[in-house]
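Engineer: Just so we're aligned, residue 3 is where the sequence shown starts under our numbering, counting upward by one.
Cβ coordinates follow ideal geometry from the N, Cα and C atoms, glycine included.
Predicted model only: the values in this text are computed from it and were never measured.
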Amino acid sequence: KEQLKGRDLLTLADYSKAEIGYILELAAQIKEKKKNGEVYEPLKGKTLGMIFEKSSTRTRVSFEAGIYQLGGTGLFLSSNDIQLGRGEPISDTAQVLSGYLDGIMIRTFSQKDVEDLAENASIPVINGLTDDYHPCQVLADLQTIKEVKGTLEGLKLTYIGDGNNMAHSLMIGCAKMGLDVAIAAPKGYQPNENITALAKSFAEGTEVLVTEDPIEAVANADIIYSDVWASMGQEAEQKVREQAFAKYQVNNELFAHAKSDAIFMHCLPAHRGEEVTADIIDGPQSVVFQEAENRLHAQKALMVALMG
Ligand code: CP
Ligand code: NVA
Numbered sequence: 003k004e005q006l007k008g009r010d011l012l013t014l015a016d017y018s019k020a021e022i023g024y025i026l027e028l029a030a031q032i033k034e035k036k037k038n039g040e041v042y043e044p045l046k047g048k049t050l051g052m053i054f055e056k057s058s059t060r061t062r063v064s065f066e067a068g069i070y071q072l073g074g075t076g077l078f079l080s081s082n083d084i085q086l087g088r089g090e091p092i093s094d095t096a097q098v099l100s101g102y103l104d105g106i107m108i109r110t111f112s113q114k115d116v117e118d119l120a121e122n123a124s125i126p127v128i129n130g131l132t133d134d135y136h137p138c139q140v141l142a143d144l145q146t147i148k149e150v151k152g153t154l155e156g157l158k159l160t161y162i163g164d165g166n167n168m169a170h171s172l173m174i175g176c177a178k179m180g181l182d183v184a185i186a187a188p189k190g191y192q193p194n195e196n197i198t199a200l201a202k203s204f205a206e207g208t209e210v211l212v213t214e215d216p217i218e219a220v221a222n223a224d225i226i227y228s229d230v231w232a233s234m235g236q237e238a239e240q241k242v243r244e245q246a247f248a249k250y251q252v253n254n255e256l257f258a259h260a261k262s263d264a265i266f267m268h269c270l271p272a273h274r275g276e277e278v279t280a281d282i283i284d285g286p287q288s289v290v291f292q293e294a295e296n297r298l299h300a301q302k303a304l305m306v307a308l309m310g
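(1) Count the C-beta pairs between the segment 271 to 286 and the segment 97 to 110 that are closer than 8 angstroms, then say yes if the count reaches three, no if not.
(2) Reducing DSSP to helix, strand and coil, say where glycine 76 ends up.
(3) Just to confirm the assignment, what range does the alpha helix (DSSP H) spanning methionine 173 have?
(4) If arginine 60 sits next to leucine 270, beta carbons under 8 angstroms apart, how far is it from one beta carbon to the other, in whole angstroms?
(5) Can you determine whether any heavy atom of the ligand CP sits closer than 8 angstroms to the C-beta of alanine 300, and answer yes or no?
(6) Any chance you could list the alpha helix (DSSP H) runs of at least 4 consecutive residues sitting entirely within the segment 83 to 121, in chain order?
(7) Tell me whether arginine 274 is buried or exposed, calling it buried when 16 or more other Cβ atoms sit within 10 Å of its Cβ.
(8) Could you compute how far the alpha carbon of proline 188 sits from the alpha carbon of glutamate 214?
(9) Measuring only the C-alpha atoms, how far is serine 124 from threonine 49?
(10) Which residue's Cα is closest to the Cα of leucine 157: Phe65, Val289, Asp224?
(11) Assuming methionine 179 contacts leucine 144 (C-beta within less than 8 angstroms), just tell me the rounded distance between them.
(12) Mind reading off the beta-carbon distance from alanine 15 to isoleucine 174? Whole number of angstroms is fine, and I expect it under 8 angstroms.
(13) Under a Cβ-count criterion, where at least 16 other Cβ atoms within 10 Å of its own Cβ denotes burial, should glutamine 139 be classed as buried or exposed?
(14) Please list, in chain order, all residues of the same chain as alanine 221 whose beta carbon is under 7 angstroms from its beta carbon, the five residues on each side excluded.
(15) Report the rounded CA-to-CA distance for serine 199 versus tyrosine 135, giving the unit in angstroms.
(16) Secondary structure at threonine 208, three-state DSSP: helix, strand or coil?
(17) Any heavy atom of the ligand NVA closer than 8 angstroms to the CB of glutamine 240?
(18) Which residue from Lys302, Ala307, Met309 puts its Cα closest to that of lysine 35?
(19) Please state the DSSP three-state secondary structure of valine 290.
(20) Could you tell me whether the Cβ atoms of leucine 304 and lysine 148 are closer together than 9 angstroms?
(21) So does asparagine 129 have its beta carbon nearer than 8 angstroms to some heavy atom of the ligand NVA?
(22) Drop a sphere of 10 angstroms on the beta-carbon of lysine 33, count the other beta-carbons inside from all chains shown, and report buried for 16 or more, exposed for fewer.
(23) Is DSSP giving asparagine 222 helix, strand or coil here?
(24) Give the range of the beta strand (DSSP E) segment to which threonine 49 is assigned.
(25) Can you tell me whether lysine 261 is helix, strand or coil according to DSSP?
(26) Could you tell me which of Gly235, Tyr227, Phe291, Gln240 sits nearest to alanine 264, measuring between CA atoms?
(27) Closest by CA to glutamate 40, which one among Leu72, Tyr24, Gly51?
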């Protein structure tokens with residue numbers, strides 16, 4: 003607990019298994035308090051700034067509602083409106099905001115920008131999604147898996163789709179927490195090799211598999227995960243990607259190759275008929291809305307741990 007105070011969350015690679023476990027434990031307690039209507043305001047008087055260079059529904063609303071529920075205040079800072087969008091250096095922005103705020107959440111393109119912000123800020127910086135990582139989503143995902151399956155260790159998560167931010171963060175989160183992880187992605191869209199090697203270095207006796215074959219990847223899976231084929235910033239590639247990923251749709255046929263009690267997860271927003279069919283995402287084995295709700299609880303726990 004003491005080791006998390008004042009820290010940044012740039013990627014889960016920087017957190018130990020025990021630290022992630024502690025946040026998940028706290029998230030479960032915080033969720034319980036909310037369900038019981040208990041007031042819990044350990045961040046009274048604290049302010050979180052939230053910089054967005056990309057769109058968001060879940061991240062924005064869950065962080066903003068979360069900081070209010072914890073007794074603090076959230077500031078939505080669109081990069082179109084702050085001077086960062088007009089070229090003010092990240093390092094200056096970091097130093098200025100550190101004088102006003104108690105934490106910064108940032109959603110942007112380059113991971114390097116988040117690292118620069120963190121390096122120059124004296125307050126915790128939280129990565130709310132970059133092109134490379136989405137650690138907050140994976141905290142909520144792990145919380146959801148634990149709720150539904152009762153455990154994390156020994157399970158297998160299979161991700162089908164683009165080998166970018168979600169694939170990277172899932173590989174790292176699963177490897178750290180004792181789940182086997184398989185990624186199925188077409189050639190040219192596979193996860194970054196350095197990040198794959200990093201994930202493998204965290205695995206203690208579990209598997210990190212990257213393959214082009216979705217059927218091989220889903221064998222024995224407890225969780226099937228998908229994400230959009232064209233991420234934010236890649237809209238112009240939509241048509242090319244629809245062709246490249248055509249064989250990577252999560253549908254009944256593919257799902258039949260997983261365990262019979264496998265669950266379906268998706269970070270959302272989803273495109274029904276593209277990466278997943280409606281009967282899967284809206285079907286009985288989908289937990290996507292429980293997963294989305296857990297963004298709130300997991301991030302409240304994260305903020306309490308880092309900013310408390
Ligand atoms: N899953 C996720 O991060 O959603 P938003 O883009 O709506 O924040
Ligand atoms: N891969 C998606 C995730 C959205 C939460 C994107 O980057 O747009």
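Structural biologist: Once the coordinates are examined:
(1) no
(2) The count along the sequence shown starts at 1 and reaches residue 76 at position 74. Of the three classes helix, strand and coil, the one that applies to glycine 76 here is strand, per DSSP.
(3) Your numbering for residue 173 matches position 171 in the sequence shown. That run of the alpha helix (DSSP H) goes 167 to 179.
(4) Stepping through the sequence shown from its first residue, residue 60 is reached at position 58. Stepping through the sequence shown from its first residue, residue 270 is reached at position 268. The pair is a contact, with the Cβ atoms about 6 angstroms apart (cut-off 8 angstroms).
(5) Walking along the sequence shown from the start, residue 300 turns up at place 298. No, Cβ of alanine 300 sits at least 8 angstroms from all heavy atoms of the ligand CP.
(6) 92 to 102
(7) Your numbering for residue 274 matches position 272 in the sequence shown. With fewer than 16 other Cβ atoms within 10 Å, it is exposed.
(8) Here residue 188 refers to the residue found at position 186 of the sequence shown. Here residue 214 refers to the residue found at position 212 of the sequence shown. Going from the Cα of proline 188 to the Cα of glutamate 214 covers about 5 angstroms.
(9) As a first step, residue 124 is located in the sequence shown; it is residue number 122 there, counting from the start. As a first step, residue 49 is located in the sequence shown; it is residue number 47 there, counting from the start. Straight-line Cα distance between these residues: approximately 14 angstroms.
(10) Reading the sequence shown from its first residue, position 155 is the one you call residue 157. The option with the nearest alpha carbon to leucine 157 is Asp224.
(11) Within the sequence shown, residue 179 is the residue found at index 177, counting from 1. Within the sequence shown, residue 144 is the residue found at index 142, counting from 1. About 6 angstroms; that satisfies the 8 angstroms criterion.
(12) Position 13 of the sequence shown holds residue 15. Position 172 of the sequence shown holds residue 174. Confirmed, about 5 angstroms.
(13) The residue you call residue 139 lines up with position 137 of the sequence shown. It is buried - the Cβ of glutamine 139 has at least 16 other Cβ atoms within 10 Å.
(14) Position 219 of the sequence shown holds residue 221. Result list for alanine 221: His259, in chain order.
(15) Position 197 of the sequence shown, counting from 1, holds the residue named residue 199. Position 133 of the sequence shown, counting from 1, holds the residue named residue 135. In the sequence on display, residue 199 carries alanine and not serine. Going by the C-alpha atoms only, they are around 15 angstroms apart.
(16) Sequence index remark: in the sequence shown, residue 208 carries index 206 (1-based). Threonine 208 falls in the coil class under three-state DSSP.
(17) Mapped onto the sequence shown, residue 240 falls at position 238. Because no heavy atom of the ligand NVA lies under 8 angstroms away, the Cβ of glutamine 240 does not count as near it: no.
(18) Locating residue 35 in the sequence shown gives position 33, where the first residue counts as 1. Taking only the C-alpha atoms, the option nearest lysine 35 is Lys302.
(19) What you label residue 290 is simply residue 288 of the sequence shown in a count that begins at 1. Reduced to three states, the DSSP call for valine 290 is helix.
(20) Stepping through the sequence shown from its first residue, residue 304 is reached at position 302. Stepping through the sequence shown from its first residue, residue 148 is reached at position 146. No, the Cβ-Cβ distance between leucine 304 and lysine 148 is not below 9 angstroms.
(21) To locate residue 129, count along the sequence shown from 1; it is residue 127. It does not: the Cβ of asparagine 129 is nowhere closer than 8 angstroms to a heavy atom of the ligand NVA.
(22) Here the question's residue 33 lines up with position 31 in the sequence shown. Its Cβ being crowded by 16 or more others within 10 Å, lysine 33 is buried.
(23) By 1-based counting over the sequence shown, the position of residue 222 is 220. Asparagine 222: coil per DSSP, three-state reduction.
(24) The residue you call residue 49 lines up with position 47 of the sequence shown. 49 to 54 is the extent of the beta strand (DSSP E) around threonine 49.
(25) The residue labelled residue 261 in the question sits at position 259 within the sequence shown. Three-state result, lysine 261: coil.
(26) As a first step, residue 264 must be located in the sequence shown, where it is residue number 262. Nearest of Gly235, Tyr227, Phe291, Gln240 to alanine 264, Cα basis: Tyr227.
(27) Translated into the one-based positions of the sequence shown, residue 40 becomes position 38. Nearest C-alpha to glutamate 40: Leu72.
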